[in-house]
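Protein chains in written order, with this note's numbering: chain U, 670 to 1008; chain W, 670 to 1008; chain B, 670 to 1008; chain X, 670 to 1008.
Presented below is the structure to which this report refers.
There are 4 protein chains.
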Amino acid sequence: MLIVMHHHATDDQILAVKKTVEAMGLRAEPIPGSMRTAIGVLDNQGYVEDAAIRELAGVREVIHVSKPYKLVSRDFHPQPTIVDIAGVKIGDGEKTVMMAGPCSIETEEQMHAAAHQVKAAGGQILRGGAFKPRTGPHSFQGLGIDGLKFLSDAGRAVGLPVVTEVMRIEQLGPVCEHADMLQIGARNMQNFDLLKEVGKLDHPVLLKRGMSATIEEFLAAAEYILAEGNSRLVLCERGIRTFEKATRNTLDLSVVPLIRSMSHLPIIVDPSHATGKRSLVPVMARSALVAGAHGLMVEMHPEPEKALCDGAQSLDPGGFEKLMIELGRIEEFLTELDA
Amino acid sequence: MLIVMHHHATDDQILAVKKTVEAMGLRAEPIPGSMRTAIGVLDNQGYVEDAAIRELAGVREVIHVSKPYKLVSRDFHPQPTIVDIAGVKIGDGEKTVMMAGPCSIETEEQMHAAAHQVKAAGGQILRGGAFKPRTGPHSFQGLGIDGLKFLSDAGRAVGLPVVTEVMRIEQLGPVCEHADMLQIGARNMQNFDLLKEVGKLDHPVLLKRGMSATIEEFLAAAEYILAEGNSRLVLCERGIRTFEKATRNTLDLSVVPLIRSMSHLPIIVDPSHATGKRSLVPVMARSALVAGAHGLMVEMHPEPEKALCDGAQSLDPGGFEKLMIELGRIEEFLTELDA
Amino acid sequence: MLIVMHHHATDDQILAVKKTVEAMGLRAEPIPGSMRTAIGVLDNQGYVEDAAIRELAGVREVIHVSKPYKLVSRDFHPQPTIVDIAGVKIGDGEKTVMMAGPCSIETEEQMHAAAHQVKAAGGQILRGGAFKPRTGPHSFQGLGIDGLKFLSDAGRAVGLPVVTEVMRIEQLGPVCEHADMLQIGARNMQNFDLLKEVGKLDHPVLLKRGMSATIEEFLAAAEYILAEGNSRLVLCERGIRTFEKATRNTLDLSVVPLIRSMSHLPIIVDPSHATGKRSLVPVMARSALVAGAHGLMVEMHPEPEKALCDGAQSLDPGGFEKLMIELGRIEEFLTELDA
Amino acid sequence: MLIVMHHHATDDQILAVKKTVEAMGLRAEPIPGSMRTAIGVLDNQGYVEDAAIRELAGVREVIHVSKPYKLVSRDFHPQPTIVDIAGVKIGDGEKTVMMAGPCSIETEEQMHAAAHQVKAAGGQILRGGAFKPRTGPHSFQGLGIDGLKFLSDAGRAVGLPVVTEVMRIEQLGPVCEHADMLQIGARNMQNFDLLKEVGKLDHPVLLKRGMSATIEEFLAAAEYILAEGNSRLVLCERGIRTFEKATRNTLDLSVVPLIRSMSHLPIIVDPSHATGKRSLVPVMARSALVAGAHGLMVEMHPEPEKALCDGAQSLDPGGFEKLMIELGRIEEFLTELDA
């Protein structure tokens, strides 16, 4: 931590800051400059609460150097984490993993159709929502437990692990029973109690970036899960909220190489929620792969025009198959390129 | 809903859109223009899912006219809602309500000191956090149930109702037992399951605007609570996330008159979280009152420099007392001004 | 400047950074911590270019302490600046200044009507745009030089100084001839050549904050003008661009007390462009005054429903008169409150 | 245009709106719905000013369907525009164009070195800034006219066309004399007078997206140039301003396929300014190519660690050469993929 004093701070004010820091059990090292003094804070083991300091007389700014996460950082854990989801491996050096399926689980038939289509096209994980976070209460809220069964049956029928969103702690039991991977949605990225509870489990987890979460907050949310013992965690960029409304969100692809350098955890990209437009999904999926994503999550619906949720951003089976073929060729190409 | 066709859309494409709308049980009314055709969708009772339409050939844009909320709207409920929190009334025509206290409950002594100070200065509701949402898992997470007892004891001792944040459904029992008002924090504004559960209760609720929530999403979140039967709801603006980092968040005061015109629910302002700087709290509190806020939520700590959380944005008892005197005079003045 | 090294940075890397800093004529002071080393950079007289350092091996982050402005800072110039616009004074301790008039100058009659209405209601400066920045080229672009004459004639007729926007350097001659104050619009806040040219003049200047300008960038833009010798500068907050679209922009009122503490320059608020809604202008004008604004800029049109530009956010003469009466009473009240 | 009335709007209010629209020479078509009435506005030839309507009694919302641009739209100009810059062609079906060189022109030697390196690696256009927009006035502002000469000499020496930024109208003469392409920077995207002037020229123009410009505003700015007669225009995405500060800006790659579908103009990507980090430039350049960019603009400096401007985001010659080889292979691959 660095404490920057005002230009006109007095020696007494500098001394008072130094004493306050020392009273916290830390070391304070004044660095006099030509225009103002700064005070380095040393010996801290991590992030320091600055409340006692920030509003002291003469203090202009407090700059934090330590980050609110450590376990997720590559600094302290250089080797990559490979997450195994019922046999499907995701992470550095593994094949790109495609998670696909409808936004929401609607019927048994729909899920079986989707499962066959995902499997046939070469997808590795089946997705589908049983509990749906919807902006308003008057929209379709998902089938709940019944939906979970349709999902797991469909996955088992074709031999695909399944992933589904969990929205509340009480759902963890049934969801763990039916799903191979738990998804924490963007709106719950800072639902810290839910994070702690999934951290106590041994199930693989997919954590989506919050709509307005900085990379630092995203990694700090991941830290909650690792801190409880569960390191079977995959991160997912799904677009952030900006002033631009031509797309549903703004896909922040730079986050992929950045997180790969900052953390040992795998990171995938969801171009469906990021763009909200079917026509943009394939092109952004391809770009995400080239940006270094370890996997993709894509919405595919047997009949998008009849979808109860997010149909406008869902690929149809033909579009999905075409995308899978292209992604396969891109992956091959990237392997050669990096060779 | 209005469907805008491309300039070059064919008659067949327009017909196909019309048929799709009619298959949804709605009426479609083409409006030919000089440059392009638009199709009005009629007879819907609320928000219409546009998945089946948005990606049809020839469609350029789908514009929604209906909003994802109705119960919270003044359109259908013109008279203002007054929420009664153990005798303290908040809403149109009522005295401004001040909710104050420390960010987090730390000790019994601290809460009793805070309660006396809030009461003495004329505050009406005591606040304090027992469960704390913190960016990283290594920060102080709150005292939990023990904290709740300190809070309710302190409130009872001075005769102030208390408000505290609830972060998970399992906490609802103990929190309702000890608190007069439940707070849903910004990070949980779209924790829809939590919203539904508090909607089933009879307790007053304070719902904070999410960091990146539009006014429409904020009202749709409120709709979740009213839809379950609980209309004892107070809204709270606490700053939104923008590119500007000189303040913790950007206080969006225009939301106060806007929400007062759009909804019948009371709205208060939290200048402490919005600005993150003690020196800005009084001036923004005064501005909020003038903008029409029905109340304020302000962090006040007996000894801010020793606070375990958010001390830099907490007023000390002297600063709080001074603010209360000013606010009282402003309120008096506003009454005269509007007379 | 503080250079934060990676956790695993080697001694050689630290040494290389030290040498690079010293080669720039500055002093480097390593501050070893328990988890990583930081290096303080001393003896710089202002902002230091970090290109040579930021990507050296082992460097994690470079944190700037010096700001890209100095002349506008209160640190080095504690006494407030009072700007005199043809006899109207604006700044600390002066009466609140109201600048009002139509968005764009349309006819001689319109400007004379507006001038009389502004004067009669107690406004001190007449505004009106002769050169209009419009998003698209097919919208009304202003009357140009003819408009300037209508404006200055109207101002002279009632005895009000006038302010108008200047968009390009070649316009400076005629604009200075006809106007008492030059306005630099939000879209030109970083039109640095224009800033430099108005900096060479002796005319008072009104600088509007750019739509996505941080406070730091806003003050750095002001620095351009002062650096050329013109310190007759008034700043203007007019709303920033955020994800929220219910208002045209998001009025950032916290900037008012912040800038008052950071700079000696006066700051006013434009609630018309900030909100884009006539119904919100009076309430936000009142709030701005309470937040500490030295003045206001408000759009008032003799017949808003016939305005060629921004009519929806313009007050009519009756609404303006009512607002002026209220603002007068608020100002009186604030004087008592602070007494 | 669609005018949405309030739920409780009276028949008289609806009639008044209809009459106002008709007084503007347009047709009004009421569309009664089950919950509220909407009024379609027909017969307009483009964007309609809504000032006269938006604040009429009973009006809830005015929704624009026409866009503030037409000439740049693919709707009315389906065939792609190919821009020829002294023999280098950019646009649909052409080879990807690489524009590279230092952020700012510093010395004759530097520019000659850069020119040789860009040429040798296969770049097609040389870039370099003679007039630099810098946040603060105390930073290096560019060499001006002298720099232009260094740039054009260096380009001529190796046979590369050159592009450079123009910041003010008076610079157009010398810049056109020395440069093959004019760049309008992000900060000047809405410097409408500058846009109009370059629109009157016959020189190719590179228009960068403003930091907080929506796609609609970006295209409307381009419309200014085309409206004056110059259609030799290339657009450039260079990152937008968001809350995320881990990168200098947020690269919005989805804009590439979107603009390709909305406009006939070519679009390139500048990953250097978008990310601000040398380590991210190659990966985002590759992703941009895959997203469909017609070209790239990349900062390359013979000795980035000695750069006077933006050295931290500049590639060195070796890094640039490596990137060019990769991009060549990706382009070849994409040609096969699309075959």
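Here a beta-carbon is modelled for each residue, glycine too, at the ideal position from N, C-alpha and C.
| DSSP three-state assignment for VAL717/W, whether helix, strand or coil | Taking the first residue of the second sequence as 1, we reach residue 717/W at position 48. It is coil, neither helix nor strand.
| request: Compute the Euclidean distance between the alpha carbons of PRO940/B and LEU922/B, then round it to the nearest angstrom. | output: Taking the third sequence and counting its residues from 1, the one referred to as residue 940/B is at position 271. Taking the third sequence and counting its residues from 1, the one referred to as residue 922/B is at position 253. Cα to Cα, the separation comes out at about 10 Å.
| message | Against chain X, does THR804/B count as a neighbour if the rule is that its beta carbon must be under 8 Å from one of theirs? | response | Your numbering for residue 804/B matches position 135 in the third sequence. It does; some Cβ of chain X falls within 8 Å.
| request: Would you identify the three-state DSSP class for THR919/X, choosing helix, strand or coil? | output: Along the fourth sequence, read from residue 1 onward, the residue named residue 919/X stands at position 250. The answer is strand: DSSP assigns THR919/X an E or B state.
| message | I'd like to check one pair, VAL766/U with ILE774/U: are the Cβ atoms closer than 8 Å? | response | In the first sequence, the residue the question calls residue 774/U occupies position 105. In the first sequence, the residue the question calls residue 766/U occupies position 97. In this structure, VAL766/U does not lie closer than 8 Å to ILE774/U by Cβ.
| message | Please classify HIS807/X as buried or exposed, where buried requires at least 16 other C-beta atoms within 10 Å of its C-beta. | response | Within the fourth sequence, numbered from 1, the residue matching residue 807/X stands at position 138. Buried, by the Cβ-count rule.
| Endpoints, beta strand (DSSP E) assigned at GLU730/X | Working through the fourth sequence from its first residue, we reach residue 730/X at position 61. GLU730/X -> beta strand (DSSP E) spans 728–732.
| task | Pull out every residue of the stretch 950–972 of chain U whose Cβ sits closer than 7 Å to any Cβ of chain X, in chain order. | result | Of all residues in the stretch 950–972 of chain U, those with a C-beta nearer than 7 Å to a C-beta of chain X are VAL952, MET953, ARG955, SER956, VAL959, ALA960 and GLY961, reading in chain order.
| message | Any beta carbon of chain X sitting closer than 8 Å to that of CYS862/B? | response | To locate residue 862/B, count along the third sequence from 1; it is residue 193. Note that residue 862/B is Asp in the sequence shown, not Cys. Cβ-Cβ to chain X under 8 Å: yes for ASP862/B.
| Are the stretch 696–714 of chain U and the stretch 695–713 of chain B touching, with three or more C-beta to C-beta distances below 8 Å? | yes
| message | On the DSSP letters alone, give me the boundaries of the beta strand (DSSP E) that VAL831/U sits inside. | response | For the purposes of this step, residue 831/U is identified with residue 162 of the first sequence, where counting begins at 1. 831–834 is the extent of the beta strand (DSSP E) around VAL831/U.
| At a Cβ threshold of 8 Å, is GLY980/W touching chain U? | Counting from one through the second sequence, the residue named residue 980/W turns up at place 311. Cβ-Cβ to chain U under 8 Å: yes for GLY980/W.
| request: Using the Cα positions of THR1052/X and ARG998/X, report the straight-line distance between them to the nearest angstrom. | output: With chain X covering only 670 through 1008, there is no way to say anything about residue 1052/X.
| task | Evaluate the contact criterion for the stretch 737–747 of chain B versus the stretch 771–788 of chain B: three or more CB pairs, one atom per stretch, below 8 Å. | result | no
| By Cβ distance below 8 Å, which residues in the same chain neighbour GLY879/X in space, the five residues on each side in sequence not counted? | By 1-based counting over the fourth sequence, the position of residue 879/X is 210. Contacts found: ALA855, ARG856, MET858, GLN859, GLU886, PHE887 and ALA890.
| query | Mind pulling the chain W residues with CB within less than 7 Å of SER881/U? | reply | Mapped onto the first sequence, residue 881/U falls at position 212. What SER881/U touches in chain W: MET880, SER881 and ARG910.
| message | Using C-beta distances below 8 Å, list every residue in its chain close to ARG803/U, excluding the 5 sequence neighbours before and after it, in chain order. | response | The count along the first sequence starts at 1 and reaches residue 803/U at position 134. Same-chain partners within the cutoff: PHE809, GLN810 and CYS978.
| said: I need the DSSP call for GLU897/X, collapsed to helix, strand or coil. | reply: Locating residue 897/X in the fourth sequence gives position 228, counting from the first residue. Coil, per DSSP.
| field | N-terminal and C-terminal residue of the beta strand (DSSP E) that LYS818/U is part of | value | Along the first sequence, one-based indexing puts residue 818/U at 149. Note, LYS818/U: premise wrong, no beta strand (DSSP E); alpha helix (DSSP H) at 814–827.
| If we cut at 8 Å on Cβ distances, does ASP744/X have a partner in chain W? | Indexing the fourth sequence from 1 puts residue 744/X at position 75. Yes - at least one Cβ of chain W is within 8 Å of the one on ASP744/X.
| According to the neighbour-count rule (16 or more other Cβ atoms, all chains shown, within 10 Å of its Cβ), is ILE814/X buried or exposed? | For the purposes of this step, residue 814/X is identified with residue 145 of the fourth sequence, where counting begins at 1. Exposed, by the Cβ-count rule.
| field | Contacts that ASN918/W makes with chain U (C-beta to C-beta distance below 9 Å) | value | What you label residue 918/W is simply residue 249 of the second sequence in a count that begins at 1. Neighbours of ASN918/W on chain U: none; closest Cβ ~10 Å, over 9 Å.
| In three-state terms, what does DSSP make of ASP681/X? | Here residue 681/X refers to the residue found at position 12 of the fourth sequence. Three-state DSSP puts ASP681/X in a helix.
| task | Could you list which residues in chain X have their beta carbon closer than 7 Å to that of GLU698/W, in chain order? | result | Counted from its first residue, the second sequence places residue 698/W at position 29. Correct list: ILE700.
| message | Taking the alpha carbon of GLU892/U as the reference point, which residue from ILE909/U, LYS869/U and SER881/U has its own alpha carbon closest? | response | As a first step, residue 892/U is located in the first sequence; it is residue number 223 there, counting from the start. Minimum Cα distance to GLU892/U is reached at LYS869/U.
| query | Taking C-beta to C-beta, are PHE861/W and ARG910/X nearer than 8 Å? | reply | As a working note, residue 861/W is residue 192 in the second sequence. As a working note, residue 910/X is residue 241 in the fourth sequence. Not closer than 8 Å, so no.
| field | ASN857/U at chain W interface by Cβ criterion, 8 Å | value | Taking the first residue of the first sequence as 1, we reach residue 857/U at position 188. Yes - at least one Cβ of chain W is within 8 Å of the one on ASN857/U.
| So is ASP849/U buried or exposed if we call it buried at 16+ other beta carbons inside 10 Å? | Locating residue 849/U in the first sequence gives position 180, counting from the first residue. Per the 10 Å Cβ criterion, buried.
| message | For MET780/U, which residues in the same chain have their Cβ closer than 7 Å to its Cβ, ignoring the five residues on either side in sequence? | response | In the first sequence, counting from the first residue as 1, residue 780/U sits at position 111. Within the same chain, MET780/U has close Cβ partners ILE774, GLY797, PHE819, LEU820 and ALA823.
| task | Please check if any C-beta of chain W sits within less than 8 Å of the C-beta of ALA769/B. | result | In the third sequence, residue 769/B corresponds to position 100, counting from 1. It does not: the Cβ of ALA769/B has no partner Cβ on chain W nearer than 8 Å.
| task | For chain U, find out if any of its Cβ atoms is closer than 8 Å to the Cβ of ILE884/X; answer yes or no. | result | Counting from 1 along the fourth sequence, the entry for residue 884/X is found at position 215. At least one chain U Cβ lies under 8 Å of ILE884/X.
| task | Determine which residues share a DSSP beta bridge with GLU698/B and list them. | result | Looking up residue 698/B in the third sequence gives position 29. Answer is GLY709/B.
| request: Please confirm if the stretch 721–736 of chain W is in contact with the stretch 745–754 of chain W, defined as three or more CB-CB distances below 8 Å between the two stretches. | output: no
| Which residues, in chain order, does the stretch 928–948 of chain B contribute to contact with chain U at a C-beta distance below 9 Å? | Taking 9 Å as the Cβ-Cβ cut-off against chain U, none of the residues of the stretch 928–948 of chain B qualify.
| task | From the DSSP output, in three-state form, read off CYS772/W for me. | result | As a working note, residue 772/W is residue 103 in the second sequence. Three-state DSSP puts CYS772/W in coil, outside helix and strand.
| query | Which chain X residues sit within Cβ distance under 9 Å of ILE732/W? | reply | Here the question's residue 732/W lines up with position 63 in the second sequence. Chain X residues near ILE732/W: LEU671, ILE732 and VAL734.
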